[in-house]
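Please read the structure below before turning to the comments.
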Amino acid sequence: MKRFTFPLQALLEMRQRKEEKIELQLAEKNRSVFEAQQELTKIHDTLKELQSSEKEKREHANSVQLLRYSVAYRFKLKQDLLLAGRRIEDLKAEAVKIQKLLVIATQDRRAIELVKERRFQEWKKEYLTREQNYVDDISQQGFIRSKKNETGSTH
Numbered sequence: 014m015k016r017f018t019f020p021l022q023a024l025l026e027m028r029q030r031k032e033e034k035i036e037l038q039l040a041e042k043n044r045s046v047f048e049a050q051q052e053l054t055k056i057h058d059t060l061k062e063l064q065s066s067e068k069e070k071r072e073h074a075n076s077v078q079l080l081r082y083s084v085a086y087r088f089k090l091k092q093d094l095l096l097a098g099r100r101i102e103d104l105k106a107e108a109v110k111i112q113k114l115l116v117i118a119t120q121d122r123r124a125i126e127l128v129k130e131r132r133f134q135e136w137k138k139e140y141l142t143r144e145q146n147y148v149d150d151i152s153q154q155g156f157i158r159s160k161k162n163e164t165g166s167t168h
């Protein structure tokens, strides 16, 4: 009997490649989220440093111009903080979309794999049945020969 072949193997491989491509996209998006979170943390730390340094400066110097620059810089940092937060949320939303695509791609691939497994089990069952029939035929022929030899030698 010929070996097991799966006619949809090309489709299965195509779906596997599609799933891998989506996994790479998701990994890239997760990396972008991580980088954006690091940027947010950096801005937050800078803002904290600014606030603590400004407290010290205000105790020693009372320049209106420096205070104005300080407030403008703090406002800019807060704006950057908000923008970074929005960017993270947008990136996370995109990651969720990609993750949904990955689930669909995985389901598509798994559906073909299930068909392959079912067909392989059918092939295996047929192969074992044919093999058992072959062994039964050989055993039956051997039994018939031995009976003929016994009856032929006693006459």
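Its first residue numbered 14, the sequence shown is counted upward by one per residue in this note's numbering.
C-beta atoms are modelled at their ideal positions from N, C-alpha and C, and glycine is treated no differently.
With fewer than 16 other Cβ atoms from the protein chains shown falling within 10 Å of its own Cβ, Ala40 counts as exposed.
At the C-beta level, Lys42 and Glu107 come within 8 angstroms of one another. With distances taken between CA atoms, Lys31 lies nearest to Thr119 out of Gln153, Ile151, Asn162, Thr119.
Scanning its chain for C-beta atoms nearer than 7 angstroms, with the 5 sequence neighbours on each side dropped, one finds around Ser83 the residues Glu67, in chain order. In the three-state reduction of the DSSP assignment, Phe133 falls in the helix class, which pools H, G and I.
Closest in C-alpha terms to Ala97, from the list Arg143, Lys55, Gln78, comes Lys55. Here the region 19-26 lies against the region 122-134, with 3 or more beta-carbon pairs under 8 angstroms apart. Judged by their CB atoms, Glu36 and Leu115 are nearer to each other than the 8 angstroms cut-off. The straight-line gap separating the alpha-carbon atoms of Leu53 and Leu94 is approximately 6 angstroms. Our two residues, Gln51 and Glu139, have alpha carbons roughly 59 angstroms apart in a direct line.
Between Ile111 and Gln38, the CB-CB gap stays under 8 angstroms.
Rounded to whole angstroms, the gap between the alpha carbons of Phe88 and Leu80 is 12 angstroms. According to the DSSP assignment, Thr59 belongs to the alpha helix (DSSP H) that extends over 22-73. In this structure, DSSP gives Arg158 a helical state, which the three-state scheme calls helix.
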